[in-house]
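In the working numbering, the protein residues as written are 3 to 292.
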Ligand code: GLU
C-alpha cells in the first residue's frame, strides 16, 4: 500500500492542505504503507522549488516525512508526452480549438449539455474544418470519452456514478493537463491509495477512464472534506491566519495546529487513527487565531 500527497508548490500549505496531508499520511501508516510527496509544478509561472521546500518543512513540523525524495512533475515531461502520444495513436483524442467563450455560449444555449460538460463543438470536425480552425489558434487535445458512465466506490463517500464528458489532456499551450499527469504519476510512483480533498471527487471518474485507456489499472480512492471558512466557503487569503508561519504570529505552534486538526477529526493527540470520526462527521470550520 502506498499513499501520497500532491500539493501545487504555489504558497505555504494552509490548515486544510495540512489536514488532507495528515489524513493520507495516517491512512498509509496505519496500513503499514509508504507515503510519498509529489509536487504538481507544471504551471511554472506560479510554482517554484523554494515554495515546495517550505511546504516540506510544514509537513515535517506536523510529523510527516515522505519515504522517498519528492517528485517534481516538471522533471518528467517526457513521461506525460509518451502517455499523450499513446492516446493519440489509439485515436482516443481530438484537437479542440474552442475558446472559453465559445464553450460558455454553446453550453448555455437551449438544449445545451448538462452544466460543466464540454458541448462537443470540436468532437466531429471534418478534416477541412480542422485545417481551417488550426490557422486561428493552437489546439488543445481532448480525450474522447463518448459519454462513458464511470462507477467507482469511494472509501469515505460510498458508491459514485458519473457521466464523463470529453476533457482536455493537453492544454493549448502544450502543458499536459492535471487529469493526465495525476494518473500517469500515481501509476509511475506505485501509488495504490489516493486520499485527497473532496473537491476532486468528480475528477476521479475522468482519471479512472484515462487510467483504463492507458492500461494503468485502478487506484483506491478516499476523499475527505475540505476545511472551510465561517461562511462555509473554501479558505482564501482574506480568511486570515491559516498557514504555520501565519499562525505562529499569534503564538500557535505546529503542535497547536496539529491538535486542532486532530480534534476536527475527533482525535486526541495520542488516540489511534482507527478511533477517528467518519470524515462525514469531521468539523470543517476554521476560525483563525487573532
Ligand atoms: N494538486 C491538487 C490540489 O492541491 C491535488 C491533486 C491530487 O491529489 O490528485 O488540490
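Think of the CB as a built atom: it goes at the ideal place given N, C-alpha and C, for glycine as much as any other residue.
query: Beta-carbon proximity of residue 261 to residue 274, cut-off 8 angstroms; result: no
query: Segment limits, beta strand (DSSP E) that includes residue 162; result: 160-165
query: Sequence-distant residues of its chain with Cβ nearer than 7 angstroms to residue 96 (five each side left out); result: 124, 125, 144, 146
query: Between the CA atoms of residue 46 and residue 293 - distance to the nearest angstrom; result: This structure cannot speak to residue 293, because the chain is shown only from 3 to 292.
query: For residue 69 and residue 37, believed in contact at Cβ under 8 angstroms, the rounded distance; result: 6 angstroms
query: Residue 2: CB within 7 angstroms of a non-hydrogen atom of the ligand GLU; result: A question about residue 2 goes unanswered here, because the residues of the chain that appear run from 3 up to 292.
query: In chain order, each alpha helix (DSSP H) run of at least 4 residues that lies wholly inside the region 100-179; result: 102-110, 129-136
query: Other residues of its chain near residue 63: CB distance less than 7 angstroms, five sequence neighbours each side excluded; result: 246, 256
query: Residue 165 beta carbon near the ligand GLU (any heavy atom closer than 7 angstroms); result: no
query: Cross-strand partners of residue 223 (DSSP beta bridge); result: 156, 196
query: Distance CB(residue 120)-CB(residue 183) smaller than 8 angstroms; result: no
query: Near the ligand GLU: residue 8 beta-carbon under 7 angstroms from a heavy atom; result: yes
query: Reduced DSSP secondary structure (H/G/I, E/B, other) of residue 7; result: strand
query: Straight-line gap, residue 267 to residue 156 (C-alpha atoms, nearest Å); result: 18 angstroms
query: Rounded C-alpha distance that separates residue 19 from residue 289; result: 15 angstroms
query: Backbone secondary structure at residue 245 - three-state DSSP; result: strand
query: Residue 211 versus residue 118 - alpha carbon distance; result: 18 angstroms
query: Proximity winner among 85, 54, 53, 29, relative to residue 185 (alpha-carbon distances); result: 85
query: Own chain residues within Cβ distance below 8 angstroms of residue 4, not counting five before or after; result: 30, 35, 36, 37, 38, 191, 192, 193, 194, 195
query: Presumed contact (8 angstroms Cβ cut-off) between residue 216 and residue 88, rounded CB distance; result: 6 angstroms
query: For residue 37: DSSP bridge partner residues; result: 5
query: Supposed close pair residue 276, residue 42 - CB separation, criterion 8 angstroms; result: With a Cβ gap of about 30 angstroms, residue 276 and residue 42 do not count as contacting.
query: DSSP bridge partner residues for residue 288 (one or two, in chain order); result: DSSP output for residue 288 lists no bridge partner at all.
query: Terminal residues of the alpha helix (DSSP H) in which residue 95 lies; result: Careful: residue 95 lies outside any alpha helix (DSSP H), inside the beta strand (DSSP E) at 95-98.
query: Classification of residue 279 by the beta-carbon crowding that lies within 10 angstroms, buried from 16 upward; result: exposed
query: Short Cβ contact (8 angstroms threshold) for residue 142 with residue 98; result: yes
query: Distance, residue 291 Cα to residue 105 Cα; result: 43 angstroms
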